[in-house]
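Working notes, structure below.
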Amino acid sequence: MSSLYMLGNFVIELLNIYTFCYNIFMKYIVLLIIVLILFIWSFFIEPNMLKVTEYNLQDRDLKGLKLVFAGDLHIKPNQEKRLVEIINKINAQNPDIILFAGDFAAGHKKDSTIPFSIYKKHLKRLNTKYGAYSVIGNHDYWAGYDNVKEMLERVGIKVLANSNESLILKNGKKLYIAGVEDLQTGSPNIKIALEGTESNPTILLTHSPDVFVEVLKDSVNLTLAGHVHGGQIRLPFIGALIIPSKYGNKYSQGLIEEKGRKMIVTKGIGTSILPLRFNCTPEIVVINFK
């Protein structure tokens, strides 16, 4: 009896050890699978998605107007198909006006970006009732300010740098599109950008959202910004871990209403530094004025 009893206990102990080791092993396997899925999602799936984010804003002066707003395309040399997708998605919204927050370029050098000849071929397909406008971003400056500006204006996209342009809407009202220089590589001057726009509906374009603090109440109907990419990685309940803004998550994405002023910050389309996104899907923005 004693030998059988001891053998039984030994077998049970072996089974307990096996079960313990197996459970630990399976936990690590499950953890490894989760990490692998997150890696694949963040590097290969979400950065290649493109959603439409829509806002309906009440504005009597701009009622009936539809804007399409995009920023931070960061098109790399091997991303012509991505550029085609972006242009098609913008055109599919049937915009009255197309606005860009800059950073068409990727990286810090011109050769980090898709050849400008290919860029122009597709940008000139943009369809809009009243025109397209853009500011210049920091990556555009590093890739060659004059080259990017020439590329955009050759395809009919007006570049604004502490300046504005007016247009007449179908209701007979005048609308101003104003834009400031990039905060990091230029000298944004809202006062100069808004000269002559007084008492008229005005949309202000800026690459960096940080200039929003200098926008006076009632001076513009809406400010549009990009640059921060929504942080690219946004953790649930926490938000973005890193934001290239001195205001952190405050101006990282979406519609911001502050002291009677409104700003929309796009999460952008491309990526910078790290080619990944998590919980921060690339987007184009559609704004309908009601």
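Here the sequence shown is numbered in my numbering, starting from 589 and rising by one per residue. For each residue, glycine too, the CB sits at the ideal point set by N, CA and C. Since the model is a prediction, treat every value here as computed from it, not as a measurement.
Do P789 and D649 come within 7 angstroms of each other at the CB atom, strictly closer than that value?
As a working mapping, residue 649 is identified with position 61 in the sequence shown. As a working mapping, residue 789 is identified with position 201 in the sequence shown. Yes. Within cutoff.
Buried/exposed call for L714, threshold 16 Cβ in 10 Å:
The sequence position of residue 714 within the sequence shown is 126, counting from 1. Classification for L714: buried.
What does N644 pair with, by DSSP beta-bridge criteria?
Translated into positions along the sequence shown, residue 644 becomes position 56. Its beta-bridge partners are N876.
Rounded Cβ spacing between T701 and K664 (contact assumed at less than 8 angstroms):
As a working note, residue 701 is residue 113 in the sequence shown. As a working note, residue 664 is residue 76 in the sequence shown. That pair is a contact at about 7 angstroms.
Considering just the uninterrupted stretch of the beta strand (DSSP E) at E753, what are its terminal residues?
For this step, residue 753 is matched to residue 165 along the sequence shown. Per DSSP, E753 belongs to the beta strand (DSSP E) from 751 to 756.
Whole angstroms is fine: what's the gap from L757's alpha carbon to L624's?
As a working note, residue 757 is residue 169 in the sequence shown. As a working note, residue 624 is residue 36 in the sequence shown. Approximately 51 angstroms, taken between the alpha carbons.
Buried or exposed for I822, please, with buried defined as at least 16 other CB atoms from any protein chain shown within 10 angstroms of its CB.
The residue you call residue 822 lines up with position 234 of the sequence shown. Here residue 822 is Arg; the residue named in the question, Ile, does not match the sequence. Counting Cβ neighbours within 10 Å, R822 comes out buried, since at least 16 surround it.
Spatial neighbours of K708 in its chain, beta-carbon cut-off 7 angstroms, leaving aside the 5 residues before and after:
Looking up residue 708 in the sequence shown gives position 120. If we look at K708 and ignore the five residues flanking it on each side, its Cβ neighbours are M739, R742, V743.
Ordered along the chain, which non-local residues of its own chain (more than five positions away) have a Cβ less than 6 angstroms from that of Q681?
Counted from its first residue, the sequence shown places residue 681 at position 93. Cβ neighbours of Q681 beyond the five flanking positions: V656, V874.
Note down, in chain order, each residue of its chain lying with its Cβ closer than 6 angstroms to the Cβ of N553, except the 5 sequence neighbours on either side.
This structure cannot settle anything about residue 553, because the visible part of the chain is limited to 589 through 878.
So for K855, helix, strand or coil by DSSP?
For the purposes of this step, residue 855 is taken as the residue at position 267 of the sequence shown. Note: K855 maps to coil in three-state DSSP.
8 angstroms contact criterion, which A689 and D660 should meet: CB distance rounded
Looking up residue 689 in the sequence shown gives position 101. Looking up residue 660 in the sequence shown gives position 72. Going by Cβ atoms, the distance from A689 to D660 rounds to 7 angstroms, so yes, they are a contact pair.
Excluding five sequence neighbours on each side, which residues of the same chain lie with their C-beta closer than 6 angstroms to the C-beta of F631?
The residue given as residue 631 occupies position 43 in the sequence shown. These residues qualify, in order along the chain: L864.
Kindly indicate which residue of I861, D699, I605, Y721 has the alpha-carbon position closest to the one of H880.
It is not possible to answer for residue 880, since the shown part of the chain is limited to 589 through 878.
L829 versus E802: straight-line alpha-carbon distance, rounded
Translated into the one-based positions of the sequence shown, residue 829 becomes position 241. Translated into the one-based positions of the sequence shown, residue 802 becomes position 214. If I take the Cα positions, the gap works out to 25 angstroms.
With DSSP as the reference, label L627 as helix, strand or coil.
By one-based count along the sequence shown, residue 627 stands at place 39. Reading off the sequence, residue 627 comes out as Phe, not Leu. F627: helix per DSSP, three-state reduction.
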